[in-house]
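Asks: Note that my numbering has the sequence shown beginning at 1, numbered continuously upward. Please find one structure pasted underneath; my questions will follow.
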Amino acid sequence: MSGRIMVFGDTNVDLIIPYGEMRSRLLAIKDGDHSKSDLNPPKATFKLGGGGGNVAAILGRLGVRPYFLTRLSRDSFGDFCVKELEDCRVDMSRAPRDYPIMTFLLAVLDERGEKTMIQCNPPGGAVPSFVAGDFKESYLDDLAALHITGTEFAIRPLEIEPVIEYASLARSRGVLVSLDLNLRPESCPMTPERRQGFLELMQHCDIIFGSVSDEFMLLSGESDPRRAALAFARRDNIIVAREGPEPVMLVANGELTLHPPIDLGRIISTVGAGDSFTAGFLVEYLESRDPVAATKAGNAVAGHYITHQGPEAVPTGGRLRELIDMQR
């Protein structure tokens, strides 16, 4: 890969609540299966979160040392995020810590490990704000790719204008620009203002990632998944439409193809699944410029990520190649 990746977006702490596992355990005990009371009970855990933070950390685990353009709090949650990201070899030199208290998210897991995300605002908590001066042209000098996550603009749509200008500038300088929509419609209603901002930003992106029902169908107004993905396809872009366990829809060179995820057994948690796919896709695409190979790499990383825990959740080296080869 010639040049580095810079991720722009949000990061926060996720509080993982294993509700489904604990509920199943409680019901079993109530039904007389007291063996469950002898096992170690599941516990809530803290994990690095946010689309930007997740993608940056996984890129680091995959051997890429990305820049992370973000803002962080000065509290213990900010300390936690910085340590997690630096442990993953993320360059934090473009991430000032200039606000006092970070919001966090509850990730409530059901019996299958599927997540429901709920934002929590502690007293004095804030979501960082970005202005045109944050997007320095010099940051583009050694980049191969700029990856943007859309959460910030879903929350504050007026802040999208400087990002549109920055994406346009990056492309004019030969930097590949990718966007993960991250609309979060369950907590950020899609107003006409928000929708228009995203549509304008998408015009300046080479690769667009998103979920089928929550994002591409919502933005396009199409009720058919394939038509929703094709609605945003151009001759010079790539559309990657995901929908949980369903096959990934890839639109490249005007052709839509389906790519089933790989099954590696019991899912522990789907928190970060889409971000792990995105990181795997980007690393492979920047090496090969082959969108099909990149989709297989994304599926490989995501399939491993949701069935493992800790640093080993991200497959590397021979294991990653083995998972890619399984899809041939």
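For each residue, glycine too, the CB sits at the ideal point set by N, CA and C. Source: prediction; values computed, not measured.
So is Ser288 buried or exposed if we call it buried at 16+ other beta carbons inside 10 Å?
Replies: exposed
Asks: Val251 to Thr295, Cα distance in whole Å?
Replies: 11 Å
Asks: Helix, strand or coil for Gln196? Go by DSSP, reduced to three states.
Replies: helix
Asks: Among Ala241, Thr270, Ile268, whose alpha-carbon lies nearest the alpha-carbon of Thr257?
Replies: For Thr257, the nearest C-alpha among the options comes from Ala241.
Asks: Closest to Arg65 by C-alpha separation, out of Leu85, Gly9, Arg319, would be which residue?
Replies: Leu85
Asks: Pull up the distance between the alpha-carbon of Thr316 and that of Phe198, whole angstroms please.
Replies: 33 Å
Asks: Let's see if you can read the secondary structure: which residues bound the beta strand (DSSP E) around Thr330?
Replies: Nothing in the structure corresponds to residue 330, since the chain is present only between 1 and 328.
Asks: So, helix, strand or coil for Ser172, using DSSP?
Replies: If DSSP states are grouped into helix, strand and coil, Ser172 belongs with the helices.
Asks: Compute the Euclidean distance between the alpha carbons of Ala132 and Arg94, then round it to the nearest angstrom.
Replies: 14 Å
Asks: What are the boundary residues of the alpha helix (DSSP H) that Asp325 is part of?
Replies: 317–325
Asks: What does the alpha-carbon distance come out to for the pair Gly280 and Leu48?
Replies: 18 Å
Asks: Measuring CB to CB, does Pro100 end up less than 7 Å from Arg74?
Replies: yes
Asks: Please name the residue in Phe130, Leu323, Glu312, Gly310 whose C-alpha comes closest to that of Gly298.
Replies: Nearest to Gly298 by alpha-carbon distance, out of Phe130, Leu323, Glu312, Gly310, is Leu323.
Asks: When the Cα atoms are used, what is the spatial distance from Phe68 to Glu137?
Replies: Distance between the alpha carbons of Phe68 and Glu137 is about 15 Å.
Asks: With a threshold of 8 Å on Cβ separation, who are the neighbours of Val212 within its own chain once the five nearest residues in sequence on each side are excluded?
Replies: Pro225, Ala228, Ala229, Ala241, Arg242, Glu243, Glu246, Met249
Asks: Got a sec, what are the start and stop residues for the beta strand (DSSP E) Met92 sits in?
Replies: From DSSP, Met92 is part of no beta strand (DSSP E); its letter is neither H nor E.
Asks: Find the nearest neighbour of Gly9 within the set Arg195, Phe135, Leu109, Lys83, judged by alpha-carbon distance.
Replies: Phe135
Asks: At the level of alpha carbons, what is the spacing between Glu21 and Gly303?
Replies: 21 Å
Asks: Helix, strand or coil: how does DSSP classify Arg4 here?
Replies: Looking at Arg4 - three-state DSSP - the assignment turns out to be strand.
Asks: Roughly how many angstroms separate the alpha carbons of Leu264 and Thr307, rounded to a whole number?
Replies: Whole-angstrom Cα-Cα distance: 7 Å.
Asks: Have a look at the DSSP bridge pairing and note the partners of Ala145.
Replies: Ile5, Leu176
Asks: Once the 5 residues before and after Tyr305 are set aside, which same chain residues still bring their CB inside 7 Å of it?
Replies: Gly272, Ala273, Ser276, Ala313, Val314
Asks: Taking Arg266 as the reference, give the member of Cys188, Val283, Gln309 with the closest Cα.
Replies: Across the set Cys188, Val283, Gln309, the C-alpha of Gln309 shows the shortest separation from the C-alpha of Arg266.
Asks: Give the C-beta separation of Ala44 and Ile17 to the nearest angstrom, bearing in mind that I take them to be a contact with Cβ-Cβ under 8 Å.
Replies: 5 Å
Asks: Cys120 and Leu105 look like a contact to me (Cβ under 8 Å); what is the Cβ gap, rounded to whole Å?
Replies: Taking the Cβ atoms as the reference, Cys120 lies roughly 7 Å from Leu105, within the contact range of under 8 Å.
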